[in-house]
Each structure stands twice: as C-alpha cells, then as structure tokens.
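Residues 105 to 189, numbered by the numbering used here, are exactly what the sequence shown covers, in order.
By construction, the Cβ of each residue, glycine as well, lies at the ideal position given by its N, Cα and C atoms.
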Amino acid sequence: MHPSLSAHRHTYDRILDMTKKRMGMDKIEVTPESLEAGLKSYSYYECVQCKQPFFGGMKVCEAEEEEREFKKEDLVCPGCIPLNP
Ligand SMILES: [Zn+2]
C-alpha cells in the first residue's frame, strides 16, 4: 500500500478494483489471498494532475529505480502525460 494513498478510503476502493482488473488481465484467479498478494505486488500512484490512482508497475521493478531521483511532479497517469512539449 502506497503510504500517501492509505488515508483515502475511496482511493483504496478504486485500487482494489484496478487490482482485480489487472489480475484478470494477468489471468490470476481473484481470491482473498491472491487479491492481497496482488495489492502487495502492484504499485499505484496518485496522479498529481487528475488525482486519480493509476497503475505504476510491479513493485519488483521499483527497486531497480530506487536510485533514480523521484520527483512528485512526475507522478502523472498515462492520460495526463503531456505530448511532446
Ligand atoms: Zn491523471
């Protein structure tokens, strides 16, 4: 669970929904156990522009990027990423 999202119950419900959909895409059967594992293995961010949670990738990939400087302004969903400036 992303710490900045944990305070928002509504956001959490949306993330649950997105996780279920994502698991469907990955052909994982949704059970309470697999859902919990899914919530831990996928990471979500809140878009700084539209304030909607979006899928940020698998948490395993995140570790590799840890050294990269992470700016909060960069947390925009695919729908809000500006096209070539
Ligand atoms: Zn957005």
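- Return the residue from the list Arg126, Gly183 and His114 that minimises the CA-CA distance to Cys151. Of the candidates Arg126, Gly183 and His114, Gly183 places its Cα closest to the Cα of Cys151.
- Complete runs of the alpha helix (DSSP H) confined to the segment 107 to 160 [at least 4 residues]: 113 to 129 and 136 to 145
- Task: Please write down, chain order preserved, every residue whose beta carbon lies under 7 Å from a heavy atom of ligand 1.
- Result: Cys151, Gln153, Cys154, Gln156, Phe158, Val180, Cys181, Gly183 and Cys184
- Separation of Tyr149 from Lys124, as counted between CA atoms: 16 Å
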